[in-house]
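Position 152 of the sequence shown, counting from 1, maps to 812 under the working numbering, and the rest follow consecutively. All C-beta atoms, glycine included, are put in the ideal place defined by N, C-alpha and C. Keep in mind it's a predicted model, so treat the numbers as computed, not measured. Data block below; observations after.
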Amino acid sequence: MDRLEQIQQTLGEVDGRVPDAFRVALGLGNRVSPTPAPGDDDDVADFVASLVQPQLATTESSDDRDPAKEPDADAPDLKIDLGSCYVPLHDHDAHFCHADAGVFGVADGVGQYMDDGVDAGAFSRGLMLSASAEVAGTEPVGTPVYPYSLLEKAYEKTAASGSPGASTAVIMSLIGNSLEWAYVGDSTFAVIRDGKIVFRSTPQQHLTRASRAKLRFASTPARRKQHLFSFNDPPFQLSAEAERSDRVADAHVGQVAVRAGDVVVLGTDGLFDNVLDEQLERAVQMGRKLGFSPKNMADIVAGVAYERSMQPSSKKLRRGKPDDITVLVAFIVESDS
């Protein structure tokens, strides 16, 4: 668990290196550093512009960003560097990271169970503890860990323990040059390449009739995505109570080809309900250019999500929804780096 003081310290360190640039680029009004000296505003604006300028199209082919492209058999072996940040509100989120095994995941306990006097974070913690223990016990070392199988085992163990409540869950694993996943519910991940999201998961929700109608009449895929991230319909969830639980078999399962330099951001809805796609892209692009570690970047993204969660509520602008915030950042790097 990360205290807000730690995130503010990271923001302060970044602010000392690049006065105001990060916050200006991300559209956050509050300042961390003292007011700039006369004339410094122009320097800040120029620096921000240089960081967020479009990538030169001449340096990549049209299919370099195609996430559906098969992994290159001649590509170097890959590994992941991981960082995480957790800003609790109700303390219902949980996560785990095993960088050596290339496996990581998040879970978000369903808050409605609080109304029944239940620890709404118990099932999410059970899922992630069980998954983490399963990965740690995998032998021989280096054996691929498949997300669906891991989610299934973690669910069975957690349900058998009688843990109360319910939870969403996402488990991801780097296997060769592919990033594989299995998820149930509305925790979300994005794969970012050259500063742009090239793949993003779609939340699983039990849609009401009104929500289904909105999707049916959405004019474009972008509008459909906007609708999905604005719905308050209940997410798919796993629970020990069969009558209140979806099944692991309902999980979305898939994979995407990745390459060195890609950044994966995985988070609970406390992140993705409060941060716009373009803000996430800018944060990652700037962080990479400034040499941030995965932990630094997770702190920054969580800090942005926290600040926006405290702003006036707006579904259109995706902000103003206080919640637990969990952010995992994975850098895809060459194994010999």
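Helix, strand or coil at residue i [DSSP, three-state]
i: Thr818; result: helix
i: Met832; result: strand
i: Val795; result: helix
i: Gln915; result: strand
i: Arg978; result: coil
i: Val684; result: helix
i: Leu789; result: helix
i: Ala773; result: Residue identity check: residue 773 is Tyr in the sequence provided, not Ala. Here Tyr773 sits in helix by DSSP.
i: Ser809; result: helix
i: Ala990; result: strand
i: Ala735; result: coil
i: Phe783; result: helix
i: Ala920; result: coil
i: Ala826; result: strand
CB contact flag (residue i, residue j, <7 Å)
i: Val795; j: Thr928; result: no
i: Leu738; j: Ile992; result: yes
i: Asn973; j: Gly963; result: Looking at the sequence shown, residue 973 is not Asn but Ser. Contact: no.
i: Pro807; j: Ile835; result: no
i: Gly930; j: Asp846; result: no
i: Leu926; j: Tyr815; result: no
i: Val908; j: Leu811; result: yes
i: Phe783; j: Gly825; result: yes
i: Phe756; j: Met832; result: no
i: Phe950; j: Ser744; result: Before going further, note that residue 950 is Leu rather than Phe in the sequence given. No, the Cβ-Cβ distance between Leu950 and Ser744 is not below 7 Å.
i: Asp753; j: Asp768; result: yes
i: Gln787; j: Ser827; result: According to the sequence provided, residue 787 is Leu. The question's Gln does not apply to it. Yes.
i: Ala911; j: Val830; result: no
i: Asp893; j: Gln865; result: yes
i: Ala965; j: Val924; result: no
i: Thr862; j: Phe932; result: no
Residue i, enclosing alpha helix (DSSP H) - first and last residue
i: Phe932; result: 929–932
i: Gly963; result: 954–969
For residue i, the first and last residue of its enclosing beta strand (DSSP E)
i: Phe764; result: 763–769
i: Ala943; result: Unbroken run through Ala943 is the alpha helix (DSSP H), 937–949; no beta strand (DSSP E).
i: Asp906; result: Here Asp906 belongs to no beta strand (DSSP E), and DSSP marks it neither H nor E.
i: Phe756; result: 753–758
i: Leu839; result: 838–844
i: Tyr746; result: 738–747
i: Thr848; result: 848–853
i: Phe859; result: 856–860
Rounded separation between residue i and residue j - CA only
i: Ser953; j: Leu940; result: 16 Å
i: Ala943; j: Asp937; result: 10 Å
i: Ser838; j: Val778; result: 39 Å
i: Met970; j: Gly802; result: 43 Å
i: Ala735; j: Glu840; result: 17 Å
i: Ala920; j: Ile852; result: 11 Å
i: Thr986; j: Val747; result: 6 Å
i: Ala900; j: Val935; result: 32 Å
i: Gly660; j: Ala819; result: With the chain represented from 661 up to 997, any question about residue 660 goes unanswered, as that position is not in the structure.
i: Val684; j: Met946; result: 12 Å
i: Ala842; j: Asp922; result: 19 Å
i: Ala759; j: Ile740; result: 6 Å
i: Asp996; j: Phe896; result: 39 Å
i: Asn956; j: Val918; result: 22 Å
i: Ala902; j: Val770; result: 15 Å
i: Ala761; j: Lys813; result: 17 Å
7 Å Cβ cutoff, residue i in contact with chain D
i: Asp937; result: No chain D appears in this structure, which consists of one protein chain only.
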